[in-house]
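To keep things clear, I will list the structure first and then write my remarks on it.
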Amino acid sequence: MVDFELTEEQKAAVKMAHDFALNEMRPVALECDKEGTVPESLVKKAAAAGLTAMAIPEEYGGGGLDQITASMVSEELAWGCAGIATTLGANSLATTPMVIAANEEQKKEYFPRLCDPDDPKFAAFCLTEPGAGSDAAAISTIIEEKDDHFILNGQKCFITNGGIADFYSVFCTFDKEKKYGGIGAVVVERSYEGVSVGKHEDKMGIRASDTSEVIFDNVKVPKENLFVPMGQGFYNVMTTLDLTRASVAALATGVARAAFEEALKYSKERVQFGRPIIAQQSINFMLAEMAMKIEAGRRLYQLAAWKAHKGLPCSLESSYAKAFCGDMAMEVTVNAVQVHGGYGYMKEYLVEKLMRDAKIMQIYEGTAQIQRLVIGANLMGVTDTYPW
Ligand SMILES: Cc1cc2nc3c(=O)[nH]c(=O)nc-3n(C[C@H](O)[C@H](O)[C@H](O)COP(=O)(O)OP(=O)(O)OC[C@H]3O[C@@H](n4cnc5c(N)ncnc54)[C@H](O)[C@@H]3O)c2cc1C
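For the sequence shown, the working numbering gives the first residue as 6, with consecutive numbering after it.
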């Protein structure tokens, strides 16, 4: 039996997130986009509401939200501002590899730091490198055993919250010759000697979120910080992304919904040729397409999240959701600008920002092409796209 009814708990979480988006995010979204920052006061309020530690289990102080609720909350936050939502949500990406593989001591040491409402900290997921984006197995950040510790050397790029994180979950190789088989992961604290933040990226969209280089120069990492042993790192990354892509699809749906609402409102107000433009069939049909595709996208991300929540294989559904919702957000926001005519091209109108914000949904956590690669491999009966 299929039941689309939300539980009372889910309704309350979605309402709380919507109110937060409306009252705390929307009023500052344009300013944050312009300045490229998120105010500390907003981060504190978000942390107090549990919005920076949604995926962390309750026993460590987190929200312990199931994937379905967490993704619906993400839709609401992205409706408020995708840049701020990316900042608040990045802890989930950084900690999912640890939820999967870290031991009890590691979880107890690091998770509570992200859950303190008075002094909320951030973590960052460090996989991408200048020479290894879609081809994650090509990473060359190298870790070597030396006496009672490890030495880490390498450079990560495009790291969300890289410049503001307290600690990093770092994927690295023990032996580059082994490719997939050489990868593991360690927790690295920002305060360790040899850790530095490089270039802060000046972006097209989601400008409120910090995207930075993180550099490791002969960093001494305690052995107990290893949470994914050599050989299991690539599997950990793929499992992590299977679990988190529903939330990116939800972010994309939130951006699309915000653009649709703006376009609908404008089309009823704007009069040309003696009647509101919504009465023109070409505009009316554009809005109908938007409404239909947003609904379809929401069902796809909910299906992926439901499978993840049930512990079922969800790689295919996560890729359906991420690919569809990323493309859908781009299409909807482009058309929302079109409905606004010349006004939509002006920064004064929210749709201009939404169109810039939408583009990242086709890029991060696996591009639109990589999602199709996963889906296509499944169609050929190849379920292990990567020979880990
Ligand atoms: C704002 C932002 C935030 C990010 N945050 C993080 C983060 O927190 N942590 C992190 O580790 N990374 C992060 N990333 C990195 C992001 O995940 C990568 O940018 C993305 O995976 C693509 O890698 P790339 O940029 O190197 O592109 P490339 O892999 O070089 O791809 C270039 C183009 O080639 C296509 N392509 C590549 N390989 C194939 C193939 N086999 N088949 C078909 N097409 C292919 C791609 O789809 C793309 O269109 C972030 C990126 C951005 C822009």
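Beta carbons: idealized from backbone N, C-alpha and C, even for Gly.
All figures in this text were calculated on a predicted structure; none of them were measured in a lab.
- Within the same chain, Cβ atoms closer than 8 Å to the Cβ of VAL276 are found at ILE282, the five residues on either side in sequence being excluded.
- Distances from the CB of CYS131 to the heavy atoms of ligand 1 include at least one below 7 Å.
- Rounded to whole angstroms, the gap between the alpha carbons of ASN230 and LYS358 is 40 Å.
- ALA87 is not a Cβ neighbour of ILE164, given a cutoff of 8 Å.
- No residue range can be given for PRO234, since it is assigned to no alpha helix (DSSP H) and is classified by DSSP as neither H nor E.
- Residue environment for GLU322: buried (at least 16 other C-beta atoms within 10 angstroms of its C-beta).
- Closest in C-alpha terms to VAL78, from the list ALA310, ASP171 and ILE220, comes ALA310.
- Residue state for TYR197 is assigned as coil, using DSSP reduced to three classes.
- Going by beta carbons, ILE89 and ALA213 fall inside the 8 Å limit.
- Boundaries of the alpha helix (DSSP H) around ALA99: 87-106.
- Taking 8 Å as the cut-off, the Cβ atoms of GLU10 and ALA255 do not count as close.
- Within the region 352-391, the runs of alpha helix (DSSP H) at least 4 residues long that lie entirely inside it are, in chain order, 355-363 and 373-384.
- By DSSP's assignment, HIS154 forms a beta bridge with LYS151 and PRO227.
- Just measuring C-alpha positions, the residue of ILE156, PHE176, GLU267 and GLY381 sitting nearest VAL224 is ILE156.
- Residue GLN72 holds the alpha-carbon nearest to the alpha-carbon of GLY316 among ASN28, GLY371, GLN72 and GLU64.
- In the structure shown, GLY203 adopts extended strand secondary structure according to DSSP, grouped into three states.
- The residue among ASP207, SER252 and SER145 with its C-alpha nearest the C-alpha of THR101 is SER252.
- DSSP places CYS37 in no beta strand (DSSP E) but in the uninterrupted alpha helix (DSSP H) bounded by 31-40.
- Counting only residues of its own chain and dropping the five nearest sequence neighbours on each side, GLY136 has a CB closer than 7 Å to the CB of ALA143 and SER145.
- The secondary-structure analysis by DSSP pairs SER145 with nothing; it has no beta-bridge partner.
- In this structure, the alpha-carbon of LEU248 lies about 10 Å from that of SER97.
- Take ALA264, set aside five residues on each side of it, and the residues of its chain with a beta-carbon closer than 7 Å to its own are VAL337, THR338, ALA341, VAL356 and LEU359, in chain order.
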